[in-house]
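Line by line, the protein sequences are chains Y and G. Going by numbering that gives the first Met the number 0, the first sequence opens with residue 0, and the numbers climb by one from there. Going by numbering that gives the first Met the number 0, the second sequence opens with residue 0, and the numbers climb by one from there. Idealized CB from N, CA, C, for every residue including glycine. Fair warning: this is a prediction, and the values are worked out from it, not measured in the lab. Scroll down for the structure; my scribbles are underneath it.
Protein chains: 2
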Amino acid sequence: MNIHTIFMITPISGIASIIVAIYLYFHVKSQNAGTDKMKDISAAIREGAVAYLKRQYMTLAVFSAIVAVLIAVFLDYNQAIAYIIGSICSALAGFLGMDIALHANVRTAQAARKGLKKAFSIGFYGGAVMGLAVVGLALIGVSVLYYVYYDPSNVSYAPNIILGFSFGASSIALFAKAGGGIYTKTADIGADLVGKVEMNIPEDDPRNPAVIADNVGDNVGDVAGMGADLYDSYVAGVLAAMIIGGLTLGVTGVILPLLIKALGIFASIIGLLFVRVKGSPGSALNRGTYITCTIFAVFAFLLIYYLGIYYPEIEMNLFYATLTGLIVGIIIGLTSDYYTSIDRTPARKTAESSKTGVAINILTGFSYGSISIVPPLLGIAIATIIAFQLAGIFGIAMSAVGIMATAAMIVSADAYGPIVDNAKGIAEQSGLGEEVIARADKLDAAGNTAKAITKGFAISSAGLTVIALLVAYAEIVGIETINFMDPFVMAGTIIGISIPPFLSALMILGVGKNAFRMIEEVRRQFKQIPGLMEGKAQPDYARCVDIATKGALKELILPSVLTIATPLAVGFILGKNALGGFLAGSILSGMVFAFLMSNAGGLWDNAKKYIEDGKLGGKGSDAHKAAVAGDTVGDPFKDTAGPSINTLLVVMSLTASMFAELIALHALIG
Amino acid sequence: MNIHTIFMITPISGIASIIVAIYLYFHVKSQNAGTDKMKDISAAIREGAVAYLKRQYMTLAVFSAIVAVLIAVFLDYNQAIAYIIGSICSALAGFLGMDIALHANVRTAQAARKGLKKAFSIGFYGGAVMGLAVVGLALIGVSVLYYVYYDPSNVSYAPNIILGFSFGASSIALFAKAGGGIYTKTADIGADLVGKVEMNIPEDDPRNPAVIADNVGDNVGDVAGMGADLYDSYVAGVLAAMIIGGLTLGVTGVILPLLIKALGIFASIIGLLFVRVKGSPGSALNRGTYITCTIFAVFAFLLIYYLGIYYPEIEMNLFYATLTGLIVGIIIGLTSDYYTSIDRTPARKTAESSKTGVAINILTGFSYGSISIVPPLLGIAIATIIAFQLAGIFGIAMSAVGIMATAAMIVSADAYGPIVDNAKGIAEQSGLGEEVIARADKLDAAGNTAKAITKGFAISSAGLTVIALLVAYAEIVGIETINFMDPFVMAGTIIGISIPPFLSALMILGVGKNAFRMIEEVRRQFKQIPGLMEGKAQPDYARCVDIATKGALKELILPSVLTIATPLAVGFILGKNALGGFLAGSILSGMVFAFLMSNAGGLWDNAKKYIEDGKLGGKGSDAHKAAVAGDTVGDPFKDTAGPSINTLLVVMSLTASMFAELIALHALIG
């Protein structure tokens, strides 16, 4: 059978994904949206979130237009078109995910008034809309571009155009992630430090002026940002495999990654049906993930087995390489879980250390976070060797594809988290009572448990994807080694390792600066609005939303622009070899800081929750205060800087690949 | 002239250095040691310090004996002898430095009763004894081994034996640094958290049960640990250059680095004469450093110029490569200074952020610390390229030699710091009055200013030295590339980057655990000893010293042993290429964490001092409390983990080089 006939599975899977997403969207929207008060709160959150995204997208439109012109002039007209489409799709994925999340949160809260089961399914289906939209939009976009730009005389041409698409998706994702991350933590820290710590009112209390901004933040950061981010790494992963596959196996190598992704979508749609609460919500989510992975593995086996009959270049080892990624992803997830889970030693020791004050809490959490780097890196190292031994460099790329093939399911479980978190907030602000809040808490806890495994997938996939992108860069630019003994490579690598901590720091400082403004404003309102503490007067929510919005947009510019500018500077000054080293260096230190920040952040959060569960003196104790400070340090680690690093690495790698030929021709020295 | 006649400059410089050191030793010792109370305190510190070192050295003797036997059996009998000599010299350098520091501190305090000038010179000459002893012992040791093992048929034989010497020095330094670092911060945190924060008594107050342990810690950590550490990096730097020089230029390449080091000693001895207080003590120290560097540059120029006449392989470019190191070292020092100095934006912004509480203080300090990574790494990258362009790989090694050639002067200025710090403590505990304490404070502040530049030298030298050691490893094991695109190298690199943060974390957790025990004990004494707070009863100092001692020895074992075991595991399992990647990876992430931790720690310290100077509410304000917590986080960063990383990298590189041939023959896979 012609490979391009088989290829049609890809757009079909994308369309199927979108159809299911639309069905679920209307299913969720048809649910009861609750009391008037709930609708009011929900509307306020929506208003703030949409206002933020609108301003963000307008800023990005200007930026994207400039970049598109530059690409059209200096590189390739068609790549510029692909770039614009990629940007739009990425923004769309983020926006759609947020839109449904804003419908789902209030409906989950309403359903939680009756029981756990219904509430869970609304939250999860809300997440599934985003999961399906992300992968559907990605595969449709890539398929269409592939179809339009396929050139039988040069199988690498279409992937090269799709590079523009991926670059567009990633650069938007970077802004969305950085901006959303700064927004959400600005609001969170502002709300917590004044509300919880200084005024002693509970989280999500409607008297807190920053509470709406906090809820908005969850949506623009955790939902819209994450949607754009996963969209970008999904596309980058498949693209890297297409480029390497094309160079090693020819046209079947270009198409195989797409087919594997398509099977992942079908497996995820089947898996979604199994996500129902039987025991705890947490195990329902995990069951869905495991079933999806199993079905996907069977599908992938059958595909590669039968393709191998007609196309001898498709060897069974490619299946095993894909499977390696999947298994390593699960193992990494489980080990990461150990370092953050509330039931394990690290979180407990960190909680205990809070008794000696905040400094020891910080040191303990930071140390366990640093130790938690070892298992995932060991996992990635082992996966790299096994996948390479099985199927060469294409094997490494396929293992990255394997992990994220089930992205629809993974994103669904991930997006469930902020939806139910928001539902909890709405339940609290609308005074739905203890029982409902307790249910919402249960739903929320399930989100945190599921997160460990999905995070493992995301981390290992990102690691392997950027390695594959580095290989793709080397192939494009025509260098066979990235030899650390070459002084230019060495210099590039040394510069590269400094970039991820540098850019993370800029983002964290951005959060700090903006949080400072927010704290001043919240304090001011508590002081100047009479009757606010007594619940007799309304705080000025809009003012806080405005501070978060303006600040986030202001602070995201520098780190985002530097992400694109730095690899270009290194490449055009020190040459293509130094740029290879630069990418390697930034990938290496990027992985270290991504794991460190995500895990330490999660750990501090759970250490605080452990104490809030009544241990070690419980809420209000000195240990609790120390743990709250630890959690506040961890917040921008895990929600701003940590998750931005993956996107940052992808953007740097893609920038290098996009400009590879120009750099090879025009570098100053090196 | 025969090169081996010229070589004699080296042992002569070593002997000259020791003679001057002995002279200064007796000069310092002949000074007035103060009142009986001062002598008592001094005796108590000495007792604790000697007890600790005794136990540490006994533990290390067992370890060294085992390693020596392993080396004799598996590698080379002569290398084992060199290993033992290296271990003893390293321990001796640490011990001598500490011994004179313990004489100098109390005499500096006594002299401060009369004036600044005399006190300064006692403190500085105390430091100079250590500086001169370190370089003297190093060059004599290396010269003797070179003389004994020189083999005209194989110029690489002697350097290979000296590898054992360097390995011995480094492994002892690692234990001394890690153990001393854990000790000093255990005591410091214990004393501060209970004394300053909970009981509101001043620093170094004699009522604090941990105050003697704290003073002991300064000596075993900052003095003895630093002595061993600088000894080890001085030897490793010259060794790497000898190995590479031998392979690229033959016998003159082996000897040139030694000659350069010898000139550095003479320049330092001359420079010492210029260190007298005219204006402030800080500028006296800096003047000494600058004059020494200038004289050294002239000497090095003349040497290489005249050698070049007789030995054409010695090109002037080698001088410029050496000079590059020197200049980059100074520049890095000045930029590092910016990120930690009390007068600059980062420390001030961190201080200001303390107003919003401890979490934002931590985030701000951590962020500036992360940003501070960029200038030194950029400096090292530029130095690498320039030195390589000038004189190839040997050029990189020579630039590392260039930086640390003036080590005698640098170590003197560095060791001055803890001596005057201790003098201040003694002045406070013996109640010498406000005026004397103010003078001691001035002396102490000068130490901190000088530290920035010496730290710049240490950092850049360590970075370039480990890069040179990596090159040496590659030469020894016979690999021409460390190609990141090779999956084994990639896997090795990925594992390597996880090791420095992992081992740092183990050390910090060790501090945390031990500090916990110390805090409990100090709290217990304040509760259970009647009249302690009123100054009517003596605290039980010995008990605190004992806790710090036992804990430090217990906690140093795991990280130190892993430092040696991990490269061996990677090498014997994944092979020599993977081990090359492993070293590269650990060097890269090691540099990042070393800069981050040292600078963030210094920054938090100065942010606290800024507030203590009366700004932002001054002592006792909420901002001050937040800044104290930040400083407590920074303490193990800058005094335990950060400085241990350099040693750790050197030990890992030397381990790899020592076992290179065995690994090449016996690796499992790869």
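The shortest CA-to-CA distance from residue 538 of chain Y to any of Y/131, Y/122, Y/207 and Y/639 is the one to Y/207.
Note on residue 152 of chain G: under 16 other CB atoms within 10 angstroms of its CB, so exposed under the neighbour-count rule.
In the DSSP annotation of this structure, the continuous segment of the alpha helix (DSSP H) that includes residue 347 of chain G starts and ends at 344-352.
A straight-line Cα-Cα distance of about 7 Å links residue 509 of chain G and residue 181 of chain G. The beta carbons of residue 118 of chain G and residue 442 of chain G sit about 6 Å from each other, so the pair counts as a contact at 8 Å. The straight-line gap separating the alpha-carbon atoms of residue 190 of chain G and residue 605 of chain G is approximately 19 Å. Of the residues assessed, residue 527 of chain Y falls on the exposed side of the cut-off, its CB having fewer than 16 other CB atoms within 10 angstroms.
Annotated three-state conformation of residue 482 of chain Y is strand, per DSSP. Of the residues G/351, G/391 and G/116, the one whose Cα lies closest to the Cα of residue 283 of chain G is G/116. For residue 76 of chain G, the enclosing alpha helix (DSSP H) has its first and last residue at 76-111. By the Cβ-count criterion, residue 518 of chain Y is buried, with 16 or more other Cβ atoms from all chains shown falling within 10 Å of its own Cβ. Excluding five sequence positions before and after residue 572 of chain G, the CB atoms of its chain that fall closer than 8 Å to its own CB belong to 666, 667, 668 and 669, given in chain order. With contacts defined as CB atoms closer than 8 Å, residue 108 of chain Y and residue 444 of chain Y fail to qualify as a contacting pair.
Annotation for residue 46 of chain Y: the continuous alpha helix (DSSP H) segment containing it runs 35-73. Within 8 Å of the CB of residue 120 of chain G, no CB atom of chain Y is found; the nearest one sits about 37 Å away. The stretch 194-279 of chain G is shown to contain whole alpha helix (DSSP H) runs of 4 or more residues at 210-216, 225-248 and 250-272, in chain order. Take the alpha-carbon of residue 213 of chain G and the one of residue 561 of chain G: they are about 28 Å apart.
Between residue 78 of chain Y and residue 163 of chain Y the beta-carbon gap is near 3 Å, inside 8 Å, which marks them as a contact. Classified as buried, residue 124 of chain Y has 16 or more neighbouring CB atoms from the shown chains inside 10 Å of its CB. For chain Y, the residues of the stretch 488-512 of chain G that bring a beta carbon within less than 7 Å of one of its beta carbons are 489, 490, 492, 493, 494, 496, 497, 500, 501, 503, 504, 507, 508 and 511, in chain order.
When the beta-carbon positions are compared, residue 319 of chain G and residue 602 of chain G stay at least 8 Å from each other. Between residue 132 of chain Y and the set Y/101, Y/121, Y/278 and Y/95, the nearest pair of CA atoms involves Y/95. With a cutoff of 8 Å on beta-carbon distance, residue 386 of chain Y and residue 398 of chain Y are scored as near each other. Residue 570 of chain Y sits in a helix when the DSSP states are folded into three classes. Interface flag for residue 591 of chain G against chain Y is set, since a Cβ pair is found closer than 8 Å.
Taking 8 Å as the threshold, the shortest C-beta distance from residue 397 of chain G to chain Y does not fall below it.
Contact with chain G is absent for residue 648 of chain Y, since none of that chain's Cβ atoms lies less than 8 Å from the residue's Cβ. One finds 481, 483 and 583 in chain G with Cβ atoms closer than 7 Å to the Cβ of residue 483 of chain Y, taken in chain order. A Cβ-Cβ distance of about 4 Å is found for the pair residue 93 of chain Y and residue 226 of chain Y, placing them in contact under the 8 Å criterion. DSSP, read as helix, strand or coil, puts residue 527 of chain Y in helix.
A contact between stretches requires three or more CB pairs, one per stretch, nearer than 8 Å, and the stretch 361-379 of chain G fails this requirement with the stretch 251-263 of chain G. Scanning the stretch 567-613 of chain Y for uninterrupted beta strand (DSSP E) segments of 3 residues or longer gives nothing; none is fully contained. Taken in chain order, the whole alpha helix (DSSP H) runs of length 4 or more contained in the stretch 406-451 of chain Y are 406-428. Residue 167 of chain Y and residue 404 of chain Y have their alpha carbons spaced roughly 21 Å apart. Interface annotation, residue 183 of chain Y: not in contact with chain G, CB-CB separation never under 8 Å.
Using a 10 angstroms sphere on the CB of residue 51 of chain G, the tally of other CB atoms reaches 16 or more, which defines it as buried.
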